[in-house]
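Trainee: For the sequence shown, my numbering begins at 60 and goes up steadily by one.
Don't be surprised by glycine CBs; every beta carbon is placed ideally from N, CA and C.
First the structure, then my questions, so here it is.
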Amino acid sequence: MSDPSHMRPLVWERGALRLLDQTRLPQAEHWVTVGSVEAVADAIRTMQVRGAPAIGIAAAAGMAIAARGALETGQPVDVALEHAARTLGRTRPTAVNLHWAIERALQEARNASDAATVVERLDRLVQRIIEQQLTADRALSELGAALLPDGARVLTHCNTGALATGAYGTALGVIRTAHAQGKVAMVYVDESRPRLQGARLTVWELRRLGVPHTLIPDVAAAALMARGEVDAVVVGADRIAANGDVANKIGTYAVALAARSHGIPFYVAAPVSTLDPHTPDGASIPIEERSFDEVRVVDGRPITVTDTPVWNPAFDVTPADLVTAIITEHGVLKPPYDEAIRQAAAAATE
Numbered sequence: 060m061s062d063p064s065h066m067r068p069l070v071w072e073r074g075a076l077r078l079l080d081q082t083r084l085p086q087a088e089h090w091v092t093v094g095s096v097e098a099v100a101d102a103i104r105t106m107q108v109r110g111a112p113a114i115g116i117a118a119a120a121g122m123a124i125a126a127r128g129a130l131e132t133g134q135p136v137d138v139a140l141e142h143a144a145r146t147l148g149r150t151r152p153t154a155v156n157l158h159w160a161i162e163r164a165l166q167e168a169r170n171a172s173d174a175a176t177v178v179e180r181l182d183r184l185v186q187r188i189i190e191q192q193l194t195a196d197r198a199l200s201e202l203g204a205a206l207l208p209d210g211a212r213v214l215t216h217c218n219t220g221a222l223a224t225g226a227y228g229t230a231l232g233v234i235r236t237a238h239a240q241g242k243v244a245m246v247y248v249d250e251s252r253p254r255l256q257g258a259r260l261t262v263w264e265l266r267r268l269g270v271p272h273t274l275i276p277d278v279a280a281a282a283l284m285a286r287g288e289v290d291a292v293v294v295g296a297d298r299i300a301a302n303g304d305v306a307n308k309i310g311t312y313a314v315a316l317a318a319r320s321h322g323i324p325f326y327v328a329a330p331v332s333t334l335d336p337h338t339p340d341g342a343s344i345p346i347e348e349r350s351f352d353e354v355r356v357v358d359g360r361p362i363t364v365t366d367t368p369v370w371n372p373a374f375d376v377t378p379a380d381l382v383t384a385i386i387t388e389h390g391v392l393k394p395p396y397d398e399a400i401r402q403a404a405a406a407a408t409e
């Protein structure tokens, strides 16, 4: 991964998935190989791989691994795939790309005539999703970069680069492209507590890409806007409901409220696979709650009374009326979002 323009944290090797372990960054670039459904599920659950699009790729790989394992051991492939779908589907309930990829794999299997064909089709599916993600990332990044002014000072939350998509990046892809065009003066990176994806991962990517950046505490975002230091906010999404409500890393909603208060455009960059026209609104999106110790413990050290009650949602929902535009590979969606999302989702299936 010495060439920053080709950061690929996921490599599919027909029967096994190689992952850059994101829990070890930025201190170590450690690769792991996962070759079973349970190992893929564990990698998703423990966030060795994370980011909605990258989770989708990993889930498709898990389904392909299940099919190959069944063929090699003489087990019914359809039974193995149903088990894999249940196992993988429980890992991260908020990210719609996970379920989208599982359903694509099941559909490929239904269209195959025999077990060997299922294996071959799913092997190709994983690589196809990776290639499609790269194409989508680059397309939406070009569209998003066009929205930023020259000399843009951009604030972003969480991590939305190659690490999160397995390809080029969504919100961070927009920033990458705008920087390549000479339009970015500074990127302000929220820490993104409690798992610090901004501090650990986004800073790591921006440093490799040579993009000027400054890390800020999450609680400083509004104050920075009040100083007139932010021209635009660009974030990603884990699920976008039919009405345009956006589920993203916890803390996104607060950033959107601050942006609205200060008259700053708030953009969401996400591929159409993140659109969920079957979920009517944000209140209907399942929100994952994670371990108490993500909040009570930092770097292995308790920072509070050890049995302190904790509420630790991984995501929050930003209402559609706070979103200036949703940037997809099929175009920039503007309000009213219900019709725009319906058309974009339909176009993606044609």
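Does the segment 288-296 touch the segment 341-360, meaning 3 or more C-beta pairs lie closer than 8 Å?
Mentor: With a cut-off of 8 Å, the segment 288-296 and the segment 341-360 do not count as touching, because too few Cβ pairs lie within range.
Trainee: Helix, strand or coil for Asp209 per DSSP?
Mentor: The answer is coil: DSSP assigns Asp209 none of H, G, I, E or B.
Trainee: Determine the burial state of Gln81: buried for a count of at least 16 other Cβ atoms within 10 Å of its Cβ, exposed for fewer.
Mentor: Gln81 is buried by the Cβ-count criterion.
Trainee: Along the chain, where does the alpha helix (DSSP H) that runs through Tyr312 open and close?
Mentor: 311-320 is the extent of the alpha helix (DSSP H) around Tyr312.
Trainee: By DSSP, does Ile189 sit in helix, in strand, or in coil?
Mentor: Residue state, collapsed to three classes: helix.
Trainee: Report the option in Ala164, Asn371, Ala113, Met122 whose CA atom is closest to the CA atom of Ala354.
Mentor: The sequence shown places Val at residue 354, rather than the Ala named in the question. It is Asn371.
Trainee: Restricting to runs no shorter than 4 residues, where is the alpha helix (DSSP H) found entirely within the segment 80-116?
Mentor: Correct list: 96-104.
Trainee: Looking only at C-alpha atoms, which of Trp90, Ala211, Tyr326, Ile161 sits nearest to Val391?
Mentor: It is Tyr326.
Trainee: State the start and end residues of the unbroken beta strand (DSSP E) segment that holds Arg252.
Mentor: Looking at the DSSP string, Arg252 is not in any beta strand (DSSP E), and its letter there is neither H nor E.
Trainee: Assuming Asn156 is part of the alpha helix (DSSP H), what are its boundary residues?
Mentor: Segment 155-169, the alpha helix (DSSP H) holding Asn156.
Trainee: Note down, in chain order, each residue of its chain lying with its Cβ closer than 7 Å to the Cβ of Ala407, except the 5 sequence neighbours on either side.
Mentor: Here the set comprises Val331, His389.
Trainee: Would you identify the three-state DSSP class for Thr215, choosing helix, strand or coil?
Mentor: Note: Thr215 maps to strand in three-state DSSP.
Trainee: Look at the alpha carbon of Arg127 and the alpha carbon of Ile161, and state the distance between them as a whole number of angstroms.
Mentor: In a straight line, the C-alpha of Arg127 is about 15 Å away from that of Ile161.
Trainee: I'd like to know whether the C-beta atoms of Thr215 and Val185 end up nearer to each other than 8 Å.
Mentor: Not in contact: Thr215 and Val185 (Cβ atoms no closer than 8 Å).
Trainee: Who are Tyr247's beta bridge partners in DSSP?
Mentor: Paired residues: Leu214, Thr273.
Trainee: With DSSP run on the structure shown, which of helix, strand or coil describes Glu388?
Mentor: Note: Glu388 maps to coil in three-state DSSP.
Trainee: Over the uninterrupted beta strand (DSSP E) stretch that includes Val292, give me the two end residues.
Mentor: Taken as a continuous stretch (DSSP letters only), the beta strand (DSSP E) holding Val292 covers 291-294.
Trainee: Which value, in whole angstroms, describes the spacing of the CA atoms of Leu193 and Arg187?
Mentor: The alpha-carbon atoms of Leu193 and Arg187 are separated by roughly 10 Å.
Trainee: With the cut-off set at 8 Å, would you say Val178 and Leu130 are in Cβ contact?
Mentor: For Val178 and Leu130, yes; Cβs fall inside 8 Å.
Trainee: State buried or exposed for Gln107, treating a residue as buried only when at least 16 other CB atoms are found within 10 Å of its CB.
Mentor: Buried, by the Cβ-count rule.
Trainee: Do Trp159 and Gly115 have their CB atoms nearer than 8 Å?
Mentor: The answer is yes: Cβ separation under 8 Å.
Trainee: Rounded to the nearest angstrom, how far is the Cβ of Ala230 from that of Thr219, given a contact under 8 Å?
Mentor: Going by Cβ atoms, the distance from Ala230 to Thr219 rounds to 4 Å, so yes, they are a contact pair.
Trainee: Secondary structure at Val74, three-state DSSP: helix, strand or coil?
Mentor: Here residue 74 turns out to be Gly, not Val, going by the sequence shown. Coil at Gly74, not helix or strand.
Trainee: For Glu348, name the three-state secondary structure that DSSP assigns.
Mentor: Glu348 falls in the strand class under three-state DSSP.
Trainee: Nearest by alpha-carbon distance to Arg73: which of Ala113, Asp137, Val99, Leu181 is it?
Mentor: The candidate whose alpha carbon is nearest that of Arg73 is Leu181.
Trainee: Assign Ile323 to one of three DSSP states: helix, strand, or coil.
Mentor: Of the three classes helix, strand and coil, the one that applies to Ile323 here is coil, per DSSP.
Trainee: Taking just the CA atoms, how far does Asp173 sit from Leu206?
Mentor: The alpha-carbon atoms of Leu206 and Asp173 are separated by roughly 48 Å.
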